[in-house]
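Residue numbers (our numbering): 481 to 882. The C-beta atom is built at its ideal place from N, Cα and C for all residues, glycine as well. Have a look at the structure below, then the notes.
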């Protein structure tokens with residue numbers, strides 16, 4: 481391969497890099513802001529009808545046509561063996577690839593502007609705020625849901641969380657037998673000990689009675705899970721009975737552990753417990769101004785994400801503390817109206833754009849590779865044909881000198 485051909489290919493790559501930079505800058509300034517993001521937002525799909533696709537088609541076509549013309553005109557008269565031809569073809573493939581991927585640089589530009597407007601740290605801060613305040617933000621009718629608002633969802637304070645045990649109680653009423661289901665709640669306790677000590681404990685009824693407050697048979701009934709790891713045994717068991725309905729430090733807002741969206745790279749269980757602690761502090765430890773400030777941050781967040789809302793932080797704070805104090809009959813009147821579905825869709829979309837950006841959308845992948853190899857093969861074949869047609873002729877031997 482000649483020095484001139486190498487220079488030509490290098491200059492082609494430099495020109496491509498400049499075009500990619502131009503598309504990156506265009507994508508950066510084209511980003512409309514997080515308020516405009518919706519569930520249909522994606523970084524790029526190659527839509528064939530917008531300004532990026534149209535310009536991409538013409539820029540790529542003109543560039544590749546120019547490269548082919550210059551390659552044939554200036555570099556097809558050289559002597560090429562089979563090895564050099566294939567080496568040249570191999571170097572042309574990445575050039576064709578770069579000329580077909582300007583839309584990726586455009587996508588990187590969109591991503592860069594997104595992360596400048598909303599950093600991952602700030603996004604996680606927003607999700608944490610939403611997760612802490614989530615139980616205050618359901619529609620009033622949702623507070624009747626036993627799935628969402630359930631005693632077993634309470635994670636804090638001690639002795640929570642608890643496990644529910646249902647029992648059937650039979651009655652004799654006027655010579656008729658009836659029954660009802662009753663629920664009892666027990667704390668979930670954990671004990672770690674040497675396996676040898678546990679074996680001794682099983683055989684010592686009095687020791688079990690002193691340790692747990694119930695005999696050895698009762699202990700076996702109350703074990704939820706037993707895990708043996710090497711020489712130690714971990715026992716998770718039902719502990720003391722708990723009565724949440726008579727607990728003045730428990731209200732319905734603590735009976736929900738759902739997350740609107742987990743923070744990335746943190747365990748869900750850890751987040752749920754930490755959110756429960758913060759929520760408990762807002763309700764029972766800190767003054768009302770702390771919850772009011774949290775709702776003001778929520779109001780700012782909803783405006784930032786362009787979510788329709790009629791939340792008034794002061795009124796919502798007043799409602800929360802009223803319903804905290806056992807006035808739950810009128811929970812449907814809680815003044816927390818906003819477009820919850822739009823918020824969840826927005827957060828899910830941002831999660832996808834942050835962590836699964838899809839610069840190379842699956843809908844164009846097959847077509848892209850077909851176009852890539854077809855374009856490369858077409859150009860390479862034309863160059864090979866031109867090389868053999870324009871191959872310099874060998875000079876005829878001079879008969880006088882023979």
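Does the Cβ of residue i have 16 or more other Cβ atoms within 10 Å, making it buried, or fewer, making it exposed?
{"i": "residue 536", "result": "buried"}
{"i": "residue 735", "result": "buried"}
{"i": "residue 670", "result": "exposed"}
{"i": "residue 865", "result": "exposed"}
{"i": "residue 787", "result": "buried"}
{"i": "residue 858", "result": "exposed"}
{"i": "residue 586", "result": "buried"}
{"i": "residue 517", "result": "buried"}
{"i": "residue 534", "result": "exposed"}
{"i": "residue 810", "result": "exposed"}
{"i": "residue 752", "result": "buried"}
{"i": "residue 598", "result": "buried"}
{"i": "residue 800", "result": "buried"}
{"i": "residue 623", "result": "buried"}
{"i": "residue 482", "result": "exposed"}
Per DSSP, what kind of secondary structure is residue i in: helix, strand or coil?
{"i": "residue 743", "result": "coil"}
{"i": "residue 716", "result": "strand"}
{"i": "residue 707", "result": "strand"}
{"i": "residue 522", "result": "coil"}
{"i": "residue 587", "result": "helix"}
{"i": "residue 818", "result": "strand"}
{"i": "residue 728", "result": "coil"}
{"i": "residue 623", "result": "helix"}
{"i": "residue 754", "result": "helix"}
{"i": "residue 531", "result": "helix"}
{"i": "residue 787", "result": "coil"}
{"i": "residue 670", "result": "strand"}
{"i": "residue 866", "result": "helix"}
{"i": "residue 643", "result": "strand"}
{"i": "residue 662", "result": "strand"}
{"i": "residue 846", "result": "helix"}
{"i": "residue 721", "result": "strand"}
{"i": "residue 933", "result": "Any property of residue 933 remains undetermined from this structure, which presents the chain solely from 481 to 882."}
{"i": "residue 561", "result": "coil"}
{"i": "residue 618", "result": "coil"}
Please report the straight-line C-alpha distance between residue i and residue j, rounded to a whole angstrom.
{"i": "residue 504", "j": "residue 573", "result": "22 Å"}
{"i": "residue 529", "j": "residue 495", "result": "25 Å"}
{"i": "residue 749", "j": "residue 759", "result": "15 Å"}
{"i": "residue 845", "j": "residue 555", "result": "33 Å"}
{"i": "residue 815", "j": "residue 795", "result": "7 Å"}
{"i": "residue 765", "j": "residue 835", "result": "36 Å"}
{"i": "residue 588", "j": "residue 839", "result": "7 Å"}
{"i": "residue 730", "j": "residue 500", "result": "59 Å"}
{"i": "residue 612", "j": "residue 514", "result": "22 Å"}
{"i": "residue 621", "j": "residue 782", "result": "22 Å"}
{"i": "residue 841", "j": "residue 581", "result": "12 Å"}
{"i": "residue 546", "j": "residue 509", "result": "29 Å"}
{"i": "residue 820", "j": "residue 803", "result": "21 Å"}
{"i": "residue 792", "j": "residue 779", "result": "8 Å"}
{"i": "residue 784", "j": "residue 824", "result": "14 Å"}
{"i": "residue 745", "j": "residue 755", "result": "16 Å"}
{"i": "residue 830", "j": "residue 561", "result": "53 Å"}
{"i": "residue 908", "j": "residue 818", "result": "As displayed, the chain neither begins before 481 nor continues past 882, which places residue 908 out of reach and without an answer."}
{"i": "residue 762", "j": "residue 822", "result": "26 Å"}
{"i": "residue 850", "j": "residue 565", "result": "22 Å"}
{"i": "residue 507", "j": "residue 869", "result": "44 Å"}
{"i": "residue 570", "j": "residue 590", "result": "32 Å"}
With a threshold of 9 Å between beta carbons, is residue i in contact with chain D?
{"i": "residue 553", "result": "Any reference to chain D falls outside this structure, which holds one protein chain only."}
Going by Cα to Cα distance, which pick from the options is closest to residue i?
{"i": "residue 625", "options": "775, 738 and 842", "result": "738"}
{"i": "residue 523", "options": "852, 847, 843 and 857", "result": "843"}
{"i": "residue 674", "options": "665, 604, 708 and 662", "result": "708"}
{"i": "residue 757", "options": "641, 781 and 859", "result": "641"}
{"i": "residue 716", "options": "487, 668, 754 and 746", "result": "668"}
{"i": "residue 725", "options": "791, 805 and 773", "result": "805"}
{"i": "residue 813", "options": "779, 867, 618 and 852", "result": "618"}
{"i": "residue 604", "options": "743, 822 and 596", "result": "743"}
{"i": "residue 426", "options": "638, 860, 511 and 616", "result": "Because the chain in this structure spans residues 481 to 882, residue 426 falls outside the shown range and cannot be described."}
{"i": "residue 632", "options": "614, 666 and 609", "result": "666"}
{"i": "residue 637", "options": "854, 497, 722 and 548", "result": "722"}
{"i": "residue 720", "options": "713, 592 and 664", "result": "664"}
{"i": "residue 520", "options": "867, 863, 706 and 837", "result": "837"}
{"i": "residue 567", "options": "498, 767, 485 and 702", "result": "485"}
Below 8 Å on the Cβ atoms is my contact criterion, and I expect residue i with residue j to pass it. Report the Cβ-Cβ distance as a whole number of Å.
{"i": "residue 607", "j": "residue 741", "result": "5 Å"}
{"i": "residue 540", "j": "residue 579", "result": "5 Å"}
{"i": "residue 732", "j": "residue 629", "result": "6 Å"}
{"i": "residue 583", "j": "residue 532", "result": "6 Å"}
{"i": "residue 775", "j": "residue 797", "result": "6 Å"}
{"i": "residue 489", "j": "residue 542", "result": "Going by Cβ atoms, the distance from residue 489 to residue 542 rounds to 18 Å, so no, they are not a contact pair."}
{"i": "residue 718", "j": "residue 634", "result": "Contact flag wrong, Cβ pair sits at about 16 Å."}
{"i": "residue 544", "j": "residue 855", "result": "7 Å"}
{"i": "residue 646", "j": "residue 661", "result": "5 Å"}
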